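Each residue of the sequence shown is one higher than the last, beginning at 0 in numbering that gives the first Met the number 0.
Note sheet for the following structure.
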Amino acid sequence: MRRLLFLNGIKAFEAAARTGSFAAAGGELNVSAAAISRMVNLLEQRLGVVLFERKANRLALTAAGRAYQSGLTPIFDALSSLTAQIMAPSSMRVLTLGVGPTFAMKWLIPRLADFSTVEPDIEVRITTGGAAVPFGDDWSCGIKLGDGAWPGLVAEPLFAADLLPVCTPRLAATLKRPTDLKGPSLLRVSHAAEDWALWLKAAGVTRVTARGTEFQYYGHALQAAIDGLGVAMGIRPYIDDDLAAGRLVAPFALTIPKGERWYLVYRSFQAGQRDFSAFRRWIMRAAAQSATRNAQRRDPLKKDPVL
0 MRRLLFLNGI KAFEAAARTG SFAAAGGELN VSAAAISRMV NLLEQRLGVV LFERKANRLA
60 LTAAGRAYQS GLTPIFDALS SLTAQIMAPS SMRVLTLGVG PTFAMKWLIP RLADFSTVEP
120 DIEVRITTGG AAVPFGDDWS CGIKLGDGAW PGLVAEPLFA ADLLPVCTPR LAATLKRPTD
180 LKGPSLLRVS HAAEDWALWL KAAGVTRVTA RGTEFQYYGH ALQAAIDGLG VAMGIRPYID
240 DDLAAGRLVA PFALTIPKGE RWYLVYRSFQ AGQRDFSAFR RWIMRAAAQS ATRNAQRRDP
300 LKKDPVL
């Protein structure tokens, strides 16, 4: 028989550990902070283990508490997901994807018609995501840029995040070598200030600093480049379709790694779920196809970056 000690106490502990306070846990479980504290105390007594260090203004998990919470949260997530599945109408198959706005606009949405052809009964719902956004409780999966280390999540690589400048063909025709770049024409992205510095250093350009218009998202900077405002730092796979269509070109051959990759991220229990498995197979195949096309594509306007 399973030995399940005091499930209410376990729920109270997991919520307090995840949210960081008895008050927040109480709000989530619709009980008072004092009730959460009592249930956690009783759980600790029954386990014979201290789970929290009670400090003046905060809770701190003990080593045992951290180990317990790291195992409990995925279990409760899986239980919540399973409950939602059996409560949903049998005809409703929904997959919720957390993804940044530029990734959705520049790569994912243009390809979703293909997924709908392959899996017409699965509705994909896109919600706000990105590297700075925590993995949502209601997400089936997410797409994130980073180093692949997100505690509690499985991360499978999709794309290399390679960097290369892009602009209109007309502007590219005026750029013979990287030293022709001018700081005021180099469009910037506020959360990726290092991109231009990385590329210019790799190109051996020491006297140019990006000082062009700054945008919040890559998508804004890329649209500005399409409209002829300047040269944007392109990042794969955002620029793939614009390069293929000729809206943008890469004036120089030099491509450098950003030092991060794009990953499909999900909780381990999702791996066995039918709808997620179908989406995972599709996006892995689509990512591989994009990588193959990039390797085969040769832009005639590219020039040798050597000075």
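Positions of the beta carbon are idealized from the N, C-alpha and C atoms, including for glycine.
Note that the structure is predicted; figures quoted are calculated from it, not measured.
query, result
"For Tyr237, the three-state DSSP class (helix, strand or coil)", "coil"
"Three CB pairs or more closer than 8 Å across the stretch 91-103 and the stretch 25-39", "no"
"Arg37, enclosing alpha helix (DSSP H) - first and last residue", "32-46"
"Among Trp195, Gly227, Phe5, Glu118, nearest to Arg45 - alpha-carbon criterion", "Phe5"
"The stretch 236-248 touching the stretch 156-167, judged by at least three CB pairs closer than 8 Å", "yes"
"Spatial distance of Asp241 from Arg92 (CA atoms)", "32 Å"
"Length of the line joining the Cα atoms of Arg187 and Ala201", "18 Å"
"Where the alpha helix (DSSP H) through Trp195 begins and ends", "193-201"
"Reduced DSSP category for Glu27 - H, G, I as helix; E, B as strand; rest coil", "helix"
"Simplified DSSP state of Gly271, which is helix, strand or coil", "helix"
"Rounded straight-line distance, which links the Cα of Gly233 to that of Pro256", "11 Å"
"Residue closest to His190, alpha-carbon to alpha-carbon, out of Ala209, Lys175, Thr178, Tyr216", "Tyr216"
"beta-carbon Ala172 near the ligand NAD non-hydrogen atom, thresh 8 Å", "As presented, the structure is devoid of all ligands, the ligand NAD included, so that no description of it is given."
"DSSP beta-bridge partners of Thr126", "Gly97"
"Span separating the alpha-carbon of Glu118 from that of Ile282", "12 Å"
"CA-to-CA distance, Ala11 to Leu42, given in whole angstroms", "9 Å"
"Validate contact between the stretch 143-155 and the stretch 105-119 using beta carbons, cut 8 Å, 3 pairs", "no"
"Beta-carbon gap between Val230 and Leu144 smaller than 9 Å", "no"
"Backbone CA spacing between Leu170 and Asp179 [nearest angstrom]", "11 Å"
"The stretch 208-228 touching the stretch 262-276, judged by at least three CB pairs closer than 8 Å", "no"
"Expected contact under 8 Å - CB spacing of Asp307 and Leu162 to nearest Å", "Absent from the model: residue 307. The displayed extent of the chain is 0 to 306, so no value can be given."
"Which listed residue (Thr291, Phe275, Ala252) has its alpha carbon closest to that of Pro236", "Thr291"
"Local Cβ density within 10 Å of Glu122, reported as buried at 16 or more and exposed below that", "exposed"
"Neighbour-count burial assignment, Asp303, 16 or more Cβ in a 10 Å radius", "Residue confidence is low: Asp303 scores 45 on pLDDT, short of 50, so the model does not pin down where it sits. Its coordinate-derived value is still stated next. Classification for Asp303: exposed."
"Counterpart residues of Leu253 in DSSP-defined beta bridges", "Per DSSP, none; premise fails for Leu253."
"Asp161 in three-state terms, based on DSSP", "strand"
"Ile143 in three-state terms, based on DSSP", "It is Lys, not Ile, that sits at residue 143 in the sequence shown. Strand, per DSSP."
"Bridge partner(s) assigned by DSSP for Ile59", "A small fix is needed here, since residue 59 is Ala in this sequence, not Ile. DSSP output for Ala59 lists Glu52 as bridge partner(s)."
"Helix, strand or coil at Trp281 according to DSSP, with G and I counted as helix", "helix"
"Cβ-based neighbour list, Phe278, same chain, cut-off 6 Å, excluding 5 preceding and 5 following", "Leu94"
"Contact check, Leu58 vs Ala14, beta carbons under 9 Å", "no"
"Selection from Asn40, Gly8, Gly47 that minimises the alpha carbon distance to Leu28", "Gly8"
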